[in-house]
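Chemist: The sequence shown begins at 707 in the numbering used here and counts up one residue at a time.
By construction, the Cβ of each residue, glycine as well, lies at the ideal position given by its N, Cα and C atoms.
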Amino acid sequence: MVWSFMGNARMYQALRDYGDRIDTVGIFTFEVDITGTITETGTSISSMLTYINRWPHIKWLLTIMNHGTASIFTALRNNTNGAKDKFLTEIIRIMNKYPWCAGVDIDLERGGGYENKDAANDLFRDIYNTVKAYDSSKLVNICLPGMTGVQGSVGGENWCVYEDLNPYCDTATIMSYGMAWQDLHRVRYLPGIGWKAFMIMQSGL
């Protein structure tokens with residue numbers, strides 16, 4: 707899996723020249739705020755349409771991120787002032803707006819400690835169920851922190867328990883920057899989890 711967050715000439719060149727080798731792209735466009743509202747702030751969808759039309763075999767996912775803002779993750783997790791409820795309706799809205807998408811890619815960071823895991827699990831469960839109720843063929847990829855085990859985050863993300871989240875995604879990407887075994891050009895999956903699928907970011911095109 708690759709993402710469109712760079713938005714530079716090299717990225718578009720890679721999509722043009724190597725699209726036949728790519729199976730999944732996260733379109734890095736959608737930002738959620740503390741109210742659960744999603745806005746389009748990243749890569750312009752119009753700039754991607756040429757490649758979306760050229761490479762119909764690619765699964766184009768709508769990447770939704772909080773840019774690592776802890777207060778946003780907290781509001782969504784705890785449904786503060788209805789933030790989670792709003793977020794779920796917003797996910798449906800953007801899939802309706804871009805019906806060619808293969809699904810969504812959820813990139814939420816800074817979820818805090820292990821004490822938040824149950825509420826975080828509920829959030830990802832509700833996202834997954836919302837997407838599947840809308841269209842069972844739509845996919846849910848989740849981006850997760852690198853972990854050495856339960857409460858084994860290298861970056862303060864102990865809310866994440868891989869096994870708990872397994873039922874709430876079709877695929878997962880382990881964002882392994884910060885791990886000693888991660889090189890500079892690839893995001894690798896954490897060995898031994900036994901999940902049904904992984905997407906590996908091959909950023910060295």
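For T656 versus A789, is the C-beta distance shorter than 9 Å?
Modeler: Since the first residue shown for the chain is 707 and the last is 911, residue 656 is missing from the structure and cannot be characterised.
Chemist: For G819, collect the residues of the same chain with a Cβ closer than 6 Å to its Cβ; drop the 5 residues on either side in sequence, then sort them by chain order.
Modeler: Counting from one through the sequence shown, the residue named residue 819 turns up at place 113. N864, listed in sequence order.
Chemist: Does DSSP put I744 in a helix, in a strand, or in coil?
Modeler: Within the sequence shown, numbered from 1, the residue matching residue 744 stands at position 38. Strand at I744.
Chemist: Where does G862 sit, in a helix, a strand or coil, going by DSSP?
Modeler: In the sequence shown, counting from the first residue as 1, residue 862 sits at position 156. If DSSP states are grouped into helix, strand and coil, G862 belongs with coil.
Chemist: Have a look at the DSSP bridge pairing and note the partners of Q737.
Modeler: Taking the first residue of the sequence shown as position 1, residue 737 is located at position 31. In the sequence on display, residue 737 carries Glu and not Gln. For E737, which the question treats as bridged, DSSP gives the partners T745 and M771.
Chemist: With DSSP run on the structure shown, which of helix, strand or coil describes I798?
Modeler: Within the sequence shown, numbered from 1, the residue matching residue 798 stands at position 92. Helix, per DSSP.
Chemist: Enumerate in chain order the residues of its own chain whose CB-to-CB distance from D826 is below 6 Å, with the five nearest sequence positions on each side excluded.
Modeler: Sequence index remark: in the sequence shown, residue 826 carries index 120 (1-based). Note that residue 826 corresponds to Ala in the displayed sequence, not to Asp. Taken in chain order, the residues that qualify are R783, G817 and W865.
Chemist: Applying the 10 Å Cβ sphere with the 16-neighbour rule, what's the burial state of W887?
Modeler: As a position in the sequence shown, residue 887 is number 181, starting the count at 1. Unreliable positioning characterises W887 in this predicted model, as indicated by a pLDDT of 47, which lies under 50. The coordinate reading is nonetheless provided below. Exposed is the call here.
Chemist: Along the chain, where does the beta strand (DSSP E) containing I880 start, and where does it finish?
Modeler: Position 174 of the sequence shown, counting from 1, holds the residue named residue 880. Residues T877 to M881.
Chemist: Do you know offhand how far D813's Cα is from N835's?
Modeler: On the sequence shown, position 107 is the one that residue 813 refers to. On the sequence shown, position 129 is the one that residue 835 refers to. C-alpha separation (whole angstroms): 17 Å.
Chemist: Identify, in the order they occur along the chain, each residue of the same chain with its Cβ nearer than 8 Å to the Cβ of M717, setting aside the five sequence neighbours on each side.
Modeler: As a working note, residue 717 is residue 11 in the sequence shown. Correct list, in chain order: S710.
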